[in-house]
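Novice:
Protein chains: 2
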Amino acid sequence: MTNLLPVLDRASANVSASLERLFELVRIRSISTDPAYKAECRRAAEWLVTELRSLGFDATVRDTAGHPMVVAHHEAGRPDAPHVLFYGHYDVQPVDPLDQWDHDPFEPAVRDMPGGRRIITGRGTSDDKGQLMTFVEACRSYKETTGSLPCRVTILFEGEEESGSPSLKPFLEANASELTADFALVCDTSMWDADTPAIAAGLRGLVGEEIVVRAADRDLHSGYFGGVAANPVHILADVLAGLHDADGRVTLDGFYEGVEETPAAILADWEALGCTAESFLGEIGLSIPAGEKDRSVPELTWARPTAEVNGITGGYTGEGFKTVIAAEASAKISFRLVGKQDPARIRDSFRAYVRSRLPADCSVTFHAHGGSPAIQLPYDSPLLNKAKAALSAEWPKPALVIGMGGSIPIVGDFQKMLGMESLLVGFALSDDRIHSPNEKYELRSFEKGIRSWIRILAALENR
Amino acid sequence: MTNLLPVLDRASANVSASLERLFELVRIRSISTDPAYKAECRRAAEWLVTELRSLGFDATVRDTAGHPMVVAHHEAGRPDAPHVLFYGHYDVQPVDPLDQWDHDPFEPAVRDMPGGRRIITGRGTSDDKGQLMTFVEACRSYKETTGSLPCRVTILFEGEEESGSPSLKPFLEANASELTADFALVCDTSMWDADTPAIAAGLRGLVGEEIVVRAADRDLHSGYFGGVAANPVHILADVLAGLHDADGRVTLDGFYEGVEETPAAILADWEALGCTAESFLGEIGLSIPAGEKDRSVPELTWARPTAEVNGITGGYTGEGFKTVIAAEASAKISFRLVGKQDPARIRDSFRAYVRSRLPADCSVTFHAHGGSPAIQLPYDSPLLNKAKAALSAEWPKPALVIGMGGSIPIVGDFQKMLGMESLLVGFALSDDRIHSPNEKYELRSFEKGIRSWIRILAALENR
Numbered sequence: 001m002t003n004l005l006p007v008l009d010r011a012s013a014n015v016s017a018s019l020e021r022l023f024e025l026v027r028i029r030s031i032s033t034d035p036a037y038k039a040e041c042r043r044a045a046e047w048l049v050t051e052l053r054s055l056g057f058d059a060t061v062r063d064t065a066g067h068p069m070v071v072a073h074h075e076a077g078r079p080d081a082p083h084v085l086f087y088g089h090y091d092v093q094p095v096d097p098l099d100q101w102d103h104d105p106f107e108p109a110v111r112d113m114p115g116g117r118r119i120i121t122g123r124g125t126s127d128d129k130g131q132l133m134t135f136v137e138a139c140r141s142y143k144e145t146t147g148s149l150p151c152r153v154t155i156l157f158e159g160e161e162e163s164g165s166p167s168l169k170p171f172l173e174a175n176a177s178e179l180t181a182d183f184a185l186v187c188d189t190s191m192w193d194a195d196t197p198a199i200a201a202g203l204r205g206l207v208g209e210e211i212v213v214r215a216a217d218r219d220l221h222s223g224y225f226g227g228v229a230a231n232p233v234h235i236l237a238d239v240l241a242g243l244h245d246a247d248g249r250v251t252l253d254g255f256y257e258g259v260e261e262t263p264a265a266i267l268a269d270w271e272a273l274g275c276t277a278e279s280f281l282g283e284i285g286l287s288i289p290a291g292e293k294d295r296s297v298p299e300l301t302w303a304r305p306t307a308e309v310n311g312i313t314g315g316y317t318g319e320g321f322k323t324v325i326a327a328e329a330s331a332k333i334s335f336r337l338v339g340k341q342d343p344a345r346i347r348d349s350f351r352a353y354v355r356s357r358l359p360a361d362c363s364v365t366f367h368a369h370g371g372s373p374a375i376q377l378p379y380d381s382p383l384l385n386k387a388k389a390a391l392s393a394e395w396p397k398p399a400l401v402i403g404m405g406g407s408i409p410i411v412g413d414f415q416k417m418l419g420m421e422s423l424l425v426g427f428a429l430s431d432d433r434i435h436s437p438n439e440k441y442e443l444r445s446f447e448k449g450i451r452s453w454i455r456i457l458a459a460l461e462n463r
Numbered sequence: 001m002t003n004l005l006p007v008l009d010r011a012s013a014n015v016s017a018s019l020e021r022l023f024e025l026v027r028i029r030s031i032s033t034d035p036a037y038k039a040e041c042r043r044a045a046e047w048l049v050t051e052l053r054s055l056g057f058d059a060t061v062r063d064t065a066g067h068p069m070v071v072a073h074h075e076a077g078r079p080d081a082p083h084v085l086f087y088g089h090y091d092v093q094p095v096d097p098l099d100q101w102d103h104d105p106f107e108p109a110v111r112d113m114p115g116g117r118r119i120i121t122g123r124g125t126s127d128d129k130g131q132l133m134t135f136v137e138a139c140r141s142y143k144e145t146t147g148s149l150p151c152r153v154t155i156l157f158e159g160e161e162e163s164g165s166p167s168l169k170p171f172l173e174a175n176a177s178e179l180t181a182d183f184a185l186v187c188d189t190s191m192w193d194a195d196t197p198a199i200a201a202g203l204r205g206l207v208g209e210e211i212v213v214r215a216a217d218r219d220l221h222s223g224y225f226g227g228v229a230a231n232p233v234h235i236l237a238d239v240l241a242g243l244h245d246a247d248g249r250v251t252l253d254g255f256y257e258g259v260e261e262t263p264a265a266i267l268a269d270w271e272a273l274g275c276t277a278e279s280f281l282g283e284i285g286l287s288i289p290a291g292e293k294d295r296s297v298p299e300l301t302w303a304r305p306t307a308e309v310n311g312i313t314g315g316y317t318g319e320g321f322k323t324v325i326a327a328e329a330s331a332k333i334s335f336r337l338v339g340k341q342d343p344a345r346i347r348d349s350f351r352a353y354v355r356s357r358l359p360a361d362c363s364v365t366f367h368a369h370g371g372s373p374a375i376q377l378p379y380d381s382p383l384l385n386k387a388k389a390a391l392s393a394e395w396p397k398p399a400l401v402i403g404m405g406g407s408i409p410i411v412g413d414f415q416k417m418l419g420m421e422s423l424l425v426g427f428a429l430s431d432d433r434i435h436s437p438n439e440k441y442e443l444r445s446f447e448k449g450i451r452s453w454i455r456i457l458a459a460l461e462n463r
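In the order they appear, the protein sequences are chains A and B. Everything in the first sequence is counted per my numbering, starting at 1 for the first residue and increasing by one. Everything in the second sequence is counted per my numbering, starting at 1 for the first residue and increasing by one.
1. Smallest Cα separation from B:F86: which of B:K448, B:A45, B:E299, B:L424?
2. Of the residues that make up the region 349-364 of chain B, which ones have a beta carbon closer than 7 Å to any beta carbon in chain A?
3. Would DSSP call B:N231 helix, strand or coil?
4. Is A:S422 close to the ligand PLP? I mean its beta-carbon at under 6 Å from any heavy atom of the ligand.
5. List the residues of chain A whose Cβ lies closer than 7 Å to the Cβ of B:V324, in chain order.
6. Where does A:L220 sit, in a helix, a strand or coil, going by DSSP?
7. Note down the Cα distance separating A:P398 from A:A387, rounded to an integer number of angstroms.
8. Can you name the residues of chain B whose CB is closer than 7 Å to the CB of A:S334?
9. Please list, in chain order, the chain A residues whose beta carbon lies closer than 7 Å to that of B:P94.
10. What do you reckon, are the CB atoms on B:F23 and B:P105 nearer than 7 Å?
11. Could one say the Cβ of B:P473 lies closer than 7 Å to chain A's Cβ atoms, at least one of them?
12. So what's B:A44 in DSSP terms, helix, strand or just coil?
13. Counting only runs that start and end within the region 368-450 of chain A, where is the beta strand (DSSP E) found for 3 or more residues in a row?
14. My output table needs one value for A:G205: the three-state DSSP class, helix, strand or coil.
15. With DSSP as the reference, label A:K169 as helix, strand or coil.
16. Comparing alpha-carbon positions, which option in A:L429, A:P94, A:S148 lies nearest A:L4?
17. With a Cβ-Cβ cutoff of 7 Å, do B:T189 and B:Y441 count as a contact?
18. Any C-beta of chain C sitting closer than 7 Å to the C-beta of B:V228?
19. Mind checking the region 289-304 of chain B against chain A and listing, in chain order, the residues whose C-beta falls within less than 8 Å of any C-beta there?
20. Around the C-beta of A:T121, are 16 or more other C-beta atoms found within 10 angstroms, so that it is buried, or is it exposed?
21. Run through DSSP, which three-state label would A:S148 get?
22. Since A:A353 is in the alpha helix (DSSP H), which residue starts that stretch and which ends it?
23. Please say whether A:H83 and A:S32 have beta carbons closer to each other than 7 Å?
24. Along chain A, which residues have their Cβ under 8 Å away from the Cβ of B:R204?
25. Would you please state the rounded distance, in angstroms, between the beta carbons of B:W453 and B:A76? I believe it to be under 8 Å.
26. With distance defined between alpha-carbon atoms, name the residue in B:I450, B:E461, B:E160, B:G370 nearest to B:T134.
27. Determine, for B:D217, whether the minimum Cβ-Cβ distance to residues of chain A falls below 7 Å.
28. Quick one: Cα of A:D58 to Cα of A:R10, how far?
29. Just the C-alpha distance for B:I434 and B:L273, rounded to the nearest angstrom, thanks.
30. Nearest to B:A390 by CA position, among B:C151, B:D431, B:P197, B:G258, is which residue?
31. Can you pull the chain A residues whose beta carbon is under 9 Å from the beta carbon of B:F280, in chain order?
32. Quick check on B:R29: buried or exposed, where buried means 16 or more other Cβ atoms within 10 Å of its Cβ?
33. Counting only Cβ-Cβ distances shorter than 8 Å, please list the residues of the region 259-285 of chain B near chain A, keeping chain order.
34. Roughly how many angstroms separate the alpha carbons of A:G115 and A:E271, rounded to a whole number?
35. Going along the chain, which unbroken runs of the beta strand (DSSP E) with 3 or more residues stay wholly within the region 52-88 of chain B?
36. Would you kindly check if the distance between the Cβ of A:T262 and the Cβ of A:T303 is under 7 Å?
This is the structure:
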């Protein structure tokens, strides 16, 4: 068994150099959803390949119909060690509205905060470049200290996680034998709090839909046509307002099919976390829970499905006023899924609902933006319990087993297509402002994240 | 009494030169609602002053807090002739979406259409540069033929009609004695059809409101916060969906106070026009009336109040998908008023309604965009009947007395502040696409519009 301490010490001693490497990656503007940044996505993939090759990985950029994948392989020091697949994504969210950033999102820096905290600022520092680099730097520390790795490691870095992962399924299918390991390690999740690491045993699924409602064949003057011509913004408002009932439940036909009530014992554990509507919403300037009635915040965010409008636009939205009735209006809507909810059936039900609300002389177009079922790791999994012990040794408080509100479709795909369970460990915090202006990652998350992977790889070395 | 025929003949003979002058004015990008075009608005005012001075008017550009006014005076040939105030506006609507224009909106041209029709294309050709130039060119024809004008003429050109006329009331108040005439002539309305001129005896008023709903203090990840945090797009959809009941009536408290039913005889005249939902909506690709049930199209657009959403925006509206819950969402809403509906009370009622739908931890900001009551000219007015006879002499079919769906706040201000009635005569057609891409004005409207004003001024010469 590997002697852990020198590996941990070297990781801590080298954290400044590790940071410099992360900064190089953050400076690459790999916004996958915006075609203008296509070349930057490739540049991020190439940077990672160069980095992994310098660590002795057999690493390559792999083309897809969209942004490329990075695949890398490294043997273990011991031939009987387990084989793990590590997954992360190098693409990031768009940065608008840019005027709400305090610093250039693509010029990362470590900044001192009140109370001695130090944060790394920039787009992708938390989601997911900072997180994936914790694993790469853990491997570096092993290589530099022991000359080898405790497990056989395959790495898969994706460049389309923030834009629905259109190339992922075909890629897994075409490279199934190369990518299949004993299990997957995924680093794209959060801690419970700054002192308490967490392993996500459940992940909500996602269905993304964009709808465009069209009425007249041109924009109209609301003086001439108002009160007679159909207004697509009114139709859209009616559609969206009808998605929830007075108790906050989603009204779509069959929406709750496959949703199981969470066991009482688990709900009781979650209640004990003291995460109330006041504490959870207080951090973002709110106080009143807006979803399903009579359920706790952990249950609502980890174990209940939702429907949220992520964007809406129609008519004149510039400065001043324009008395126009728009020809069309559109909205982007996402559904979070739990249990055995079927993404395809939810999409169909939503589309049927929208059509049922549409006047006969208007039309609607639907655009699918990704779809993945929820996934759930058994609470008695040995993988989960080894990782729990390793994390508990690194951090001030013992690791928690929780659920996650966000979707990581890859985990469902690993399960379904490669037959692998996934261990979800991440070091983000809930105030990292991922997907928002002023994204940051705790410097402590970065350093102890590297050390955590060193401990987890050691714990996994013996089957 | 002036001999009319030489004046009419000269107008027709000079129409090409009249067009060249209109083109010069259309080329000036006087978009009043967009601060980027401030200098262009002033340039339009200066162009008009130069033009009017060349016709012997005492014309000046008058500064306001916003875009300038143009005021010009000319005595009548006979000292006992009446004094008329002519009103038009030189500002135009924005031109977005620019990619839906077949030609540059600011490079006007005459284009041949099927059936021998000829149209003038460009932003403002119909609303209102083409229309105001019919009056200027009518004056030119009088001056060049007779050396004088049959009436004493004051001209007022405004530059903020398309952006709520914020400077108009203070300007009328400060210059009341200079601007008060026996009555006003306003050229900003439409014909009934290409052969039938119309005088608008009733005009709907307008209340414009912009609302910004704010929830969390930042944009949120819909995976972490979805189902618990308030979503401002949901709140906005609920507010907007609740504005109308199942019968298409506006639900605001007291909204229908001051709305009188139109006399049966007038409704019967309007019914006889044969303007059905099929014919009216068929032109714009629709077929089903969307407003109040069991009322004819003329009644709905001329004599009933409305609420229309003119614009909405919130969250991510770019390419692709972003799983965000927006910090804020906003909408622009306009109300059309009739009868004695009070703009201030409607605005108050709307704001109270919005607040009543708002969760206690969210906030809303309101921005007023103009407000004016409806106005109504008595059906037995001599002014109206002289103009009706003059128009009937110029066009293939007799002039109609109708209502108008669009708002021209100036007419209410003339009535309230200067004690003047207004005669509303215009030569636009319903397919002129005003406020939309591909705005046009009929060449026939331009030429016969000039001739119509020549006839109307002659009819008004004798009190």
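No residue lacks a Cβ here, since even glycine has one placed at the ideal position from N, Cα and C. Note that the coordinates shown come from a computational prediction; the quantities given were computed from them, not determined experimentally.
Specialist: Let me spell this out:
1. Comparing Cα positions, the closest option is B:L424.
2. Listed by position, the residues of the region 349-364 of chain B near chain A (Cβ gap below 7 Å) are P359, A360, D361.
3. B:N231 falls in the coil class under three-state DSSP.
4. The ligand PLP is not part of this structure, which contains no ligands at all.
5. Chain A residues near B:V324: N310, H435.
6. Reduced to three states, the DSSP call for A:L220 is strand.
7. Whole-angstrom Cα-Cα distance: 11 Å.
8. Under the 7 Å cutoff, chain B gives S222, T323.
9. In chain order: G318, K322.
10. Note that the C-beta distance between B:F23 and B:P105 is not below 7 Å.
11. Absent from the model: residue 473 of chain B. The displayed extent of chain B is 1 to 463, so no value can be given.
12. The answer is helix: DSSP assigns B:A44 an H, G or I state.
13. Under the rule that a run must span 3 or more residues, the beta strand (DSSP E) segments found entirely inside the region 368-450 of chain A read 400-404, 422-424, 440-442.
14. In the structure shown, the three-state DSSP call for A:G205 is strand.
15. In the structure shown, A:K169 sits in a helix (DSSP, three-state: H, G or I).
16. Of A:L429, A:P94, A:S148, the residue nearest in Cα terms is A:S148.
17. Taking 7 Å as the Cβ cut-off, B:T189 and B:Y441 do not qualify as a contacting pair.
18. The chain labelled as chain C is not found among the protein chains of the depicted structure, namely A and B.
19. Those would be P289, A290, G291, E292, V297, L300, T301, R304, in chain order.
20. Taking a 10 Å sphere around the C-beta of A:T121, we find 16 or more other C-beta atoms and assign the residue as buried.
21. The answer is coil: DSSP assigns A:S148 none of H, G, I, E or B.
22. Note that residue 353 of chain A is Tyr in the sequence shown here, rather than Ala. Run containing A:Y353: 343-356, per the alpha helix (DSSP H) assignment.
23. In this structure, A:H83 does not lie closer than 7 Å to A:S32 by Cβ.
24. Under the 8 Å cutoff, chain A gives G223.
25. Contact between B:W453 and B:A76 fails: their C-beta atoms lie close to 15 Å from each other, not under 8 Å.
26. In this structure, B:I450 is the residue among B:I450, B:E461, B:E160, B:G370 with its C-alpha nearest to the C-alpha of B:T134.
27. Closer than 7 Å to the CB of B:D217 there is at least one CB belonging to chain A.
28. Cα-Cα distance, rounded: 24 Å.
29. Spanning the two alpha carbons is a distance of roughly 23 Å.
30. Comparing Cα-Cα distances from B:A390 to each of B:C151, B:D431, B:P197, B:G258, the minimum goes to B:P197.
31. F225, V228, A229, listed in chain order.
32. Buried, by the Cβ-count rule.
33. Under the 8 Å Cβ criterion, the region 259-285 of chain B contributes A277, F280, L281, I284, G285.
34. Whole-angstrom Cα-Cα distance: 29 Å.
35. The DSSP assignment places complete beta strand (DSSP E) segments of no fewer than 3 residues inside the region 52-88 of chain B at 58-62, 69-74, in order along the chain.
36. Per the sequence shown, the amino acid found at residue 303 of chain A is Ala instead of Thr. For the 7 Å CB-CB criterion, A:A303 and A:T262 form a contact.
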